[in-house]
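Read the structure below first, then the notes.
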Amino acid sequence: MKKVDLSNHIIICGWNFQGDRIVAELMCSQVTPRREVVVLANCDTRPVKNESVEFVEGDPTQDESLVRAGISRADSVIVLSDLTKPANESDAEALMIVLAVESLNRAVHSCVQVANSANRIHFERAHADEIICLDQIGGNLVVSSALNHGTSRIVSELLTFNSGSEFYRYEELLSDELVGKEFCGAVQVLAQKRIILLGIETDDSEVLRQELCGDIVRSSELGNRIVVLNPQHPYKICQGDALFLIAESAPVGL
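In terms of this note's numbering, the sequence shown opens at residue 335 and continues consecutively.
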(Lines of atoms letter the chains of each structure in order from A and count residues from 1; the text may use other names and numbers.)
(Lines give C-alpha, C1' and ligand atoms only; values in the text may rest on other atoms or scores of the structure.)
Protein backbone atom coordinates (compact mmCIF):
# COMPACT_ATOMS: atom_id res chain seq x y z
CA MET A 1 0.00 0.00 0.00
CA LYS A 2 1.24 3.48 -0.90
CA LYS A 3 2.88 5.57 1.84
CA VAL A 4 3.93 9.20 1.39
CA ASP A 5 7.25 10.62 2.57
CA LEU A 6 6.37 14.28 3.15
CA SER A 7 6.47 16.79 6.01
CA ASN A 8 4.47 19.97 6.71
CA HIS A 9 2.00 18.95 4.02
CA ILE A 10 -1.78 19.26 3.80
CA ILE A 11 -3.94 16.13 3.83
CA ILE A 12 -7.39 16.25 2.26
CA CYS A 13 -9.54 13.50 3.79
CA GLY A 14 -12.47 12.37 1.69
CA TRP A 15 -13.63 13.83 -1.60
CA ASN A 16 -16.55 15.74 -3.10
CA PHE A 17 -17.23 17.95 -6.12
CA GLN A 18 -15.38 20.84 -4.44
CA GLY A 19 -12.17 18.84 -4.15
CA ASP A 20 -10.47 19.89 -7.39
CA ARG A 21 -11.22 23.56 -6.75
CA ILE A 22 -9.81 23.30 -3.22
CA VAL A 23 -6.65 21.67 -4.58
CA ALA A 24 -6.31 24.40 -7.23
CA GLU A 25 -6.51 27.11 -4.55
CA LEU A 26 -3.98 25.34 -2.33
CA MET A 27 -1.57 24.97 -5.26
CA CYS A 28 -2.01 28.57 -6.47
CA SER A 29 1.30 30.42 -6.91
CA GLN A 30 0.10 33.23 -4.62
CA VAL A 31 -0.33 30.91 -1.63
CA THR A 32 2.59 31.17 0.80
CA PRO A 33 4.11 29.12 2.19
CA ARG A 34 3.58 26.50 -0.52
CA ARG A 35 2.79 23.07 0.88
CA GLU A 36 2.52 19.68 -0.76
CA VAL A 37 -1.00 18.25 -0.90
CA VAL A 38 -2.05 14.65 -0.28
CA VAL A 39 -5.54 13.33 -0.98
CA LEU A 40 -6.65 10.41 1.22
CA ALA A 41 -9.94 8.96 0.00
CA ASN A 42 -11.72 5.63 -0.19
CA CYS A 43 -11.93 5.69 -4.01
CA ASP A 44 -11.12 2.93 -6.50
CA THR A 45 -9.78 5.46 -9.01
CA ARG A 46 -7.74 8.61 -8.51
CA PRO A 47 -10.28 11.43 -7.84
CA VAL A 48 -7.96 14.44 -8.10
CA LYS A 49 -7.05 15.78 -11.55
CA ASN A 50 -3.81 17.57 -10.58
CA GLU A 51 -1.00 15.08 -11.24
CA SER A 52 1.37 16.80 -8.80
CA VAL A 53 -0.90 15.87 -5.89
CA GLU A 54 -0.22 12.58 -4.10
CA PHE A 55 -3.19 10.21 -3.85
CA VAL A 56 -3.43 7.62 -1.09
CA GLU A 57 -6.28 5.13 -1.39
CA GLY A 58 -7.73 4.31 2.00
CA ASP A 59 -10.39 4.98 4.63
CA PRO A 60 -9.67 8.30 6.43
CA THR A 61 -11.42 7.03 9.56
CA GLN A 62 -8.75 4.35 9.97
CA ASP A 63 -5.41 5.00 11.69
CA GLU A 64 -3.51 2.87 9.19
CA SER A 65 -4.66 4.99 6.25
CA LEU A 66 -3.86 8.26 8.04
CA VAL A 67 -0.39 6.98 8.92
CA ARG A 68 0.28 6.15 5.27
CA ALA A 69 -0.77 9.72 4.40
CA GLY A 70 1.85 11.04 6.84
CA ILE A 71 -0.50 12.35 9.53
CA SER A 72 2.25 12.55 12.16
CA ARG A 73 4.22 15.05 10.02
CA ALA A 74 1.32 16.97 8.44
CA ASP A 75 0.74 20.68 8.93
CA SER A 76 -3.01 20.70 8.26
CA VAL A 77 -5.90 18.38 7.52
CA ILE A 78 -9.01 19.26 5.51
CA VAL A 79 -11.99 16.95 6.00
CA LEU A 80 -14.45 17.14 3.10
CA SER A 81 -18.11 16.32 3.66
CA ASP A 82 -19.59 13.44 1.63
CA LEU A 83 -22.39 15.43 0.01
CA THR A 84 -23.91 12.32 -1.58
CA LYS A 85 -25.13 11.18 1.85
CA PRO A 86 -27.77 12.63 4.21
CA ALA A 87 -26.35 15.48 6.31
CA ASN A 88 -26.23 13.67 9.65
CA GLU A 89 -24.70 10.55 8.12
CA SER A 90 -22.06 12.63 6.37
CA ASP A 91 -21.30 14.52 9.58
CA ALA A 92 -20.99 11.29 11.56
CA GLU A 93 -18.34 10.06 9.14
CA ALA A 94 -16.53 13.41 9.22
CA LEU A 95 -16.57 13.31 13.02
CA MET A 96 -14.93 9.87 13.03
CA ILE A 97 -12.20 11.24 10.75
CA VAL A 98 -11.58 14.20 13.06
CA LEU A 99 -11.39 11.92 16.10
CA ALA A 100 -8.87 9.69 14.32
CA VAL A 101 -6.80 12.68 13.17
CA GLU A 102 -6.72 14.33 16.60
CA SER A 103 -5.81 11.07 18.34
CA LEU A 104 -2.79 10.61 16.06
CA ASN A 105 -1.57 14.23 15.93
CA ARG A 106 -3.04 16.84 18.28
CA ALA A 107 -0.70 19.48 16.82
CA VAL A 108 -2.14 19.26 13.29
CA HIS A 109 -4.54 22.05 12.27
CA SER A 110 -7.86 20.40 11.38
CA CYS A 111 -10.47 22.06 9.15
CA VAL A 112 -13.74 20.21 8.65
CA GLN A 113 -16.83 20.72 6.50
CA VAL A 114 -20.06 20.15 8.45
CA ALA A 115 -23.32 19.65 6.56
CA ASN A 116 -25.68 20.32 9.49
CA SER A 117 -24.68 23.18 11.81
CA ALA A 118 -26.65 21.53 14.64
CA ASN A 119 -23.77 19.02 14.79
CA ARG A 120 -21.13 21.70 15.38
CA ILE A 121 -20.97 21.00 19.12
CA HIS A 122 -19.77 17.44 18.47
CA PHE A 123 -16.84 18.68 16.38
CA GLU A 124 -15.95 21.22 19.08
CA ARG A 125 -15.81 18.38 21.60
CA ALA A 126 -13.55 16.47 19.19
CA HIS A 127 -11.14 19.47 19.18
CA ALA A 128 -11.51 20.36 15.49
CA ASP A 129 -9.67 23.64 14.92
CA GLU A 130 -11.84 25.07 12.13
CA ILE A 131 -15.49 24.08 11.68
CA ILE A 132 -17.09 25.18 8.41
CA CYS A 133 -20.88 24.77 8.63
CA LEU A 134 -21.99 24.65 5.00
CA ASP A 135 -25.67 25.32 5.67
CA GLN A 136 -24.99 28.28 7.95
CA ILE A 137 -22.34 30.01 5.84
CA GLY A 138 -24.27 29.57 2.59
CA GLY A 139 -27.54 30.79 4.10
CA ASN A 140 -25.96 33.79 5.79
CA LEU A 141 -24.19 34.83 2.59
CA VAL A 142 -27.45 34.73 0.63
CA VAL A 143 -29.17 36.95 3.21
CA SER A 144 -26.25 39.39 3.36
CA SER A 145 -26.11 39.59 -0.44
CA ALA A 146 -29.84 40.31 -0.64
CA LEU A 147 -29.57 43.12 1.92
CA ASN A 148 -26.17 44.47 0.83
CA HIS A 149 -25.86 44.10 -2.92
CA GLY A 150 -22.47 42.94 -4.14
CA THR A 151 -21.51 41.14 -0.91
CA SER A 152 -21.16 37.76 -2.62
CA ARG A 153 -18.75 39.16 -5.23
CA ILE A 154 -16.57 40.74 -2.54
CA VAL A 155 -16.48 37.57 -0.44
CA SER A 156 -15.67 35.48 -3.51
CA GLU A 157 -12.79 37.80 -4.41
CA LEU A 158 -11.34 37.73 -0.88
CA LEU A 159 -11.48 33.93 -0.75
CA THR A 160 -9.78 33.41 -4.13
CA PHE A 161 -5.98 33.45 -4.30
CA ASN A 162 -5.41 33.85 -8.02
CA SER A 163 -5.86 37.64 -8.12
CA GLY A 164 -6.62 40.73 -6.05
CA SER A 165 -6.67 40.83 -2.25
CA GLU A 166 -7.21 38.00 0.22
CA PHE A 167 -7.68 37.42 3.94
CA TYR A 168 -4.53 36.75 5.97
CA ARG A 169 -3.77 35.90 9.60
CA TYR A 170 -0.45 37.41 10.69
CA GLU A 171 1.05 35.83 13.80
CA GLU A 172 4.74 36.71 13.52
CA LEU A 173 6.66 38.97 15.91
CA LEU A 174 5.24 42.51 15.68
CA SER A 175 7.43 45.59 15.25
CA ASP A 176 7.66 48.44 17.78
CA GLU A 177 5.70 50.49 15.27
CA LEU A 178 2.60 48.42 16.07
CA VAL A 179 3.08 47.15 19.65
CA GLY A 180 1.37 49.52 22.08
CA LYS A 181 -0.42 51.32 19.26
CA GLU A 182 -4.16 51.80 19.64
CA PHE A 183 -6.19 49.79 17.14
CA CYS A 184 -7.22 52.85 15.11
CA GLY A 185 -3.57 53.96 14.97
CA ALA A 186 -2.49 50.51 13.79
CA VAL A 187 -5.15 50.72 11.07
CA GLN A 188 -3.53 53.93 9.81
CA VAL A 189 0.01 52.50 9.94
CA LEU A 190 -0.98 49.42 7.96
CA ALA A 191 -3.08 51.43 5.49
CA GLN A 192 0.14 53.13 4.36
CA LYS A 193 1.30 49.65 3.30
CA ARG A 194 -1.99 48.98 1.50
CA ILE A 195 -3.05 46.54 4.22
CA ILE A 196 -6.46 46.66 5.90
CA LEU A 197 -6.62 45.62 9.58
CA LEU A 198 -9.93 43.92 10.41
CA GLY A 199 -9.38 42.62 13.92
CA ILE A 200 -7.13 40.87 16.38
CA GLU A 201 -6.82 37.55 18.18
CA THR A 202 -5.63 37.94 21.75
CA ASP A 203 -5.77 36.28 25.18
CA ASP A 204 -8.85 36.35 27.41
CA SER A 205 -6.82 38.10 30.09
CA GLU A 206 -5.89 40.97 27.76
CA VAL A 207 -9.53 41.50 26.82
CA LEU A 208 -10.48 41.75 30.49
CA ARG A 209 -7.50 43.97 31.38
CA GLN A 210 -8.27 46.47 28.65
CA GLU A 211 -12.06 46.19 29.12
CA LEU A 212 -12.27 45.42 25.43
CA CYS A 213 -15.60 45.38 23.65
CA GLY A 214 -16.61 44.93 20.05
CA ASP A 215 -17.58 42.04 17.81
CA ILE A 216 -16.07 39.29 20.00
CA VAL A 217 -15.82 35.73 18.70
CA ARG A 218 -15.48 32.99 21.32
CA SER A 219 -15.39 29.28 20.60
CA SER A 220 -13.85 26.15 22.05
CA GLU A 221 -11.48 25.91 19.05
CA LEU A 222 -9.73 29.10 20.22
CA GLY A 223 -9.01 27.86 23.75
CA ASN A 224 -8.17 30.89 25.90
CA ARG A 225 -7.89 33.12 22.82
CA ILE A 226 -10.55 35.52 21.57
CA VAL A 227 -11.05 37.13 18.16
CA VAL A 228 -12.27 40.74 18.19
CA LEU A 229 -13.29 42.46 14.97
CA ASN A 230 -13.18 46.27 14.78
CA PRO A 231 -12.73 46.87 18.56
CA GLN A 232 -14.88 49.70 19.93
CA HIS A 233 -12.62 50.37 22.91
CA PRO A 234 -9.21 51.98 22.16
CA TYR A 235 -7.50 48.60 22.37
CA LYS A 236 -3.69 48.64 22.31
CA ILE A 237 -1.93 46.04 20.18
CA CYS A 238 0.13 43.58 22.25
CA GLN A 239 3.10 41.42 21.33
CA GLY A 240 1.64 37.96 20.79
CA ASP A 241 -1.55 39.22 19.19
CA ALA A 242 -2.47 37.78 15.80
CA LEU A 243 -3.74 40.26 13.23
CA PHE A 244 -6.51 39.58 10.72
CA LEU A 245 -5.81 41.47 7.52
CA ILE A 246 -6.81 42.06 3.92
CA ALA A 247 -3.80 42.37 1.62
CA GLU A 248 -2.72 41.67 -1.95
CA SER A 249 -0.08 39.17 -0.77
CA ALA A 250 1.02 37.52 2.46
CA PRO A 251 2.34 40.32 4.71
CA VAL A 252 5.90 40.12 6.07
CA GLY A 253 7.83 42.17 8.59
CA LEU A 254 4.95 43.99 10.26
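Every residue gets a Cβ at the ideal spot worked out from N, C-alpha and C, and that includes glycine.
Residue 441 and residue 390 have their C-alpha atoms spaced approximately 22 Å apart. Apart from the 5 residues on each side of it in sequence, residue 443 sits with its Cβ closer than 6 Å to the Cβ of 410 and 463 in its chain, given in chain order. If you draw a straight line from the Cα of residue 537 to the Cα of residue 335, it comes to about 45 Å.
In this structure, DSSP gives residue 529 a state outside helix and strand, which the three-state scheme calls coil.
A residue is called buried when at least 16 other Cβ atoms come within 10 angstroms of its Cβ; residue 432 meets this threshold and is buried. Counted as a single uninterrupted DSSP element, the beta strand (DSSP E) harbouring residue 464 occupies residues 464-467. Per DSSP, the continuous beta strand (DSSP E) segment holding residue 444 begins and ends at 443-448. Between the stretch 360-368 and the stretch 421-432, the count of Cβ pairs shorter than 8 Å is below three; the stretches do not touch. Taking C-beta separations shorter than 7 Å and ignoring five residues to either side along the sequence, the partners of residue 468 in its chain run 415, 447, 448 and 449, following chain order.
The beta carbon of residue 568 lies closer than 8 Å to those of 516, 517 and 518 in the same chain, with the five residues before and after it left out. DSSP places residue 375 inside the beta strand (DSSP E), whose first and last residues are 371-375. In the three-state reduction of the DSSP assignment, residue 434 falls in the helix class, which pools H, G and I.
Judged by their CB atoms, residue 368 and residue 342 are not nearer to each other than the 8 Å cut-off. In this structure, the straight-line span from the alpha carbon of residue 473 to that of residue 500 is close to 22 Å. Assigned with DSSP and collapsed to three states, residue 535 falls in strand. By the criterion of a C-beta distance shorter than 6 Å, residue 491 is surrounded in its chain by 498, once the five residues flanking it on both sides are discounted. C-alpha of residue 488 to C-alpha of residue 504: approximately 21 Å in a straight line. Selection 404, 351 and 401 evaluated against residue 383 yields 351 as nearest (Cα-Cα). In this structure, residue 407 and residue 340 form a Cβ contact; the two beta carbons are roughly 7 Å apart against a cut-off of 8 Å. Secondary structure of residue 571 (DSSP, three-state): coil.
A straight-line Cα-Cα distance of about 22 Å links residue 531 and residue 478.
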